[in-house]
Each structure stands twice: as C-alpha cells, then as structure tokens.
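**Q** Residue numbers (the numbering used here): 1 to 76.
Virtual Cβ for every residue (Gly too), placed ideally from N, Cα, C.
Submitted below is the structure of interest, expressed as structure tokens.
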Amino acid sequence: MEQALLARYDRPLPRYTSYPTAPHFSAATGAKEYALWLAAIQPHARASLYLHVPFCRSMCWFCGCTTSAVHSVSAL
C-alpha cells in the first residue's frame with residue numbers, strides 16, 4: 001500500500017453500515033415512513049439489500065454487528 005494513501009486515510013472514523021443509518025430509526029418510524037422512503041426510489045433503479053442474520057458458527061473479531069456464536073445448527 002502506498003504510504004501517502006495510508007497516511008491520508010489512517011484515521012479512526014465511524015464505520016459505514018447501512019443507509020438509512022441507525023439514527024434515522026426510532027419507535028416513531030413506521031409504515032408511513034418506510035412507504036415514503038420506498039416511493040423515493042426511481043423505477044428500475046438498482047438497489048442493494050442487506051439481510052443481517054445474527055448467528056455465526058464462530059466470532060469474527062472484525063465484525064461490529066450484533067451477533068451470537070452458536071455451536072449447533074438447531075439453535076438457528
């Protein structure tokens with residue numbers, strides 16, 4: 001890796017997880033808000049979907065997501 005590039009971006013920053021980000025959600029976020037967000041998407045626009053399944057066979061120490069490590073598939 002180029003040292004100049006590393007020096008430029010080697011800073012502690014919040015990690016990007018999703019959009020809308022967690023602060024956009026609250027108990028007041030309901031079907032109406034979701035409908036408005038979905039209506040803002042242009043027809044035929046490409047979209048990415050993230051599904052978080054919080055059960056892993058082993059812990060990834062780099063993962064910042066809420067997880068539970070399980071030893072048996074039956075726990076899933």
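To the nearest angstrom, report how far apart P20 and V73 are at their CA atoms.
**A** For P20 and V73, the distance between alpha carbons rounds to 32 Å.
**Q** Please report the distance separating the alpha-carbon of Y50 from that of A22.
**A** Using only the alpha carbons, I get a separation of about 14 Å.
**Q** Return the CA-CA distance between P77 and Q3, expressed in angstroms with no decimal places.
**A** Not covered by the structure: residue 77. The range shown for the chain is 1 to 76.
**Q** Taking the continuous alpha helix (DSSP H) assigned at P37, which residues delimit it?
**A** The sequence shown places Trp at residue 37, not Pro. That run of the alpha helix (DSSP H) goes A31 to A39.
**Q** Quick one: what's got a C-beta closer than 7 Å to I85's C-beta in the same chain, skipping five residues either side?
**A** Residue coverage of the chain in this structure runs from 1 to 76, which leaves residue 85 outside it and unanswerable.
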